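Numbering (our numbering), first residue to last: 226 to 473. Heads up: the structure comes next, in structure tokens.
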């Protein structure tokens, strides 16, 4: 029965098959007991007690997509975070001045008359004279919004207006809406507890004409990893330790 003999080789082959066979039988037997079952078998075993494994969920975030007014972002458009994680839109969304949290306004024509910007239900105007330039007109609009419930940034050739929630933006014919920013919901493609700090989602992965940039101005809602076998066993054990109740 030495290993190099005919009978020794026969015993080696048969014993390996027997070992595999008995190990499978043992796994099948132990799969009925939550303390020993693993994977799907554990899911079935704990279901007897009405316990279900907690599945993984993706990290999600409301990011702002900037672009040309009326740019359509179909469901499935993707953006990438700095760490390489991919996030995807779930529904069709339109970058629109009708529901924007940011609007960049420029001068269309310089002339005498009123320059008006509407932000939601409020309007702000500046009346230009013959000596005003594009810069002084933007400065006048900037000053007109000094007490408004919004954030304004005066640039060299434009005026940026930011609000907390989406509103309708509109301008008079002598002004242009250069770019708008609309809130778009993204979910991570890969499920699990992924951190997404402010400003991390900043790269367009699937370009669309008119979609210029993306950024998250709030932290992402961190997802959840799939419950492990060990955690599931503990939760099942805790569930059956609850004091039973019954009618008199």
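Each residue gets a CB set at the ideal place from its N, CA and C atoms; glycine is no exception. This structure is a prediction, so every number in the text was calculated from the model and none was measured.
Residue 327 sits buried, since 16 or more C-beta atoms from the chains shown fall within 10 Å of its C-beta. By a beta-carbon distance limit of 8 Å, residue 314 contacts residue 411. Their separation comes to about 6 Å. Straight across, the Cα-Cα distance linking residue 391 with residue 345 is about 9 Å. When secondary structure is reduced to three states using DSSP, residue 366 falls in the helix class. Residue 234 and residue 242 have their alpha carbons spaced roughly 13 Å apart. Only residues of its own chain outside the window of five on either side were considered, and among them 329, 330, 331 and 383 have a CB closer than 8 Å to the CB of residue 403, listed in chain order. If you draw a 10 Å sphere on the C-beta of residue 445, you find 16 or more other C-beta atoms in it, and that means buried. For secondary structure counted as the beta strand (DSSP E) over 3 or more consecutive residues, the segment 260 to 348 holds these complete runs in sequence order: 285 to 292, 296 to 298, 303 to 306, 311 to 314, 318 to 320, 325 to 332 and 338 to 344.
For residue 300, same chain residues with a beta-carbon under 7 Å away, outside a window of 5 residues either side, are 314, 315, 316 and 317 in chain order. Contact between residue 448 and residue 290 fails: their C-beta atoms lie close to 21 Å from each other, not under 8 Å. Counting every other CB atom within 10 Å of its CB across the protein chains shown gives residue 352 a total below 16, marking it as exposed.
Inter-segment contact for the segment 415 to 432 and the segment 281 to 298 is present: three or more beta-carbon pairs are separated by less than 8 Å. In this model, residue 450 and residue 280 are separated by some 7 Å (Cα to Cα). In the structure shown, residue 391 adopts extended strand secondary structure according to DSSP, grouped into three states. Rounded to the nearest angstrom, the gap between the Cα atoms of residue 454 and residue 381 is 59 Å. For the set 237, 466, 368 and 436, the Cα lying nearest the Cα of residue 292 is the one of 436.
Boundaries of the beta strand (DSSP E) harbouring residue 376: 376 to 379, taken from the DSSP string. Residue 239 and residue 246 have their C-alpha atoms some 10 Å from each other.
For residue 253, the enclosing alpha helix (DSSP H) covers residues 231 to 255. Counting only unbroken stretches of 3 or more residues, the beta strand (DSSP E) elements lying wholly within the segment 433 to 459 are 436 to 440, in sequence order. Restricting attention to 277, 264 and 341, the CA atom closest to the CA of residue 401 is found in 341.
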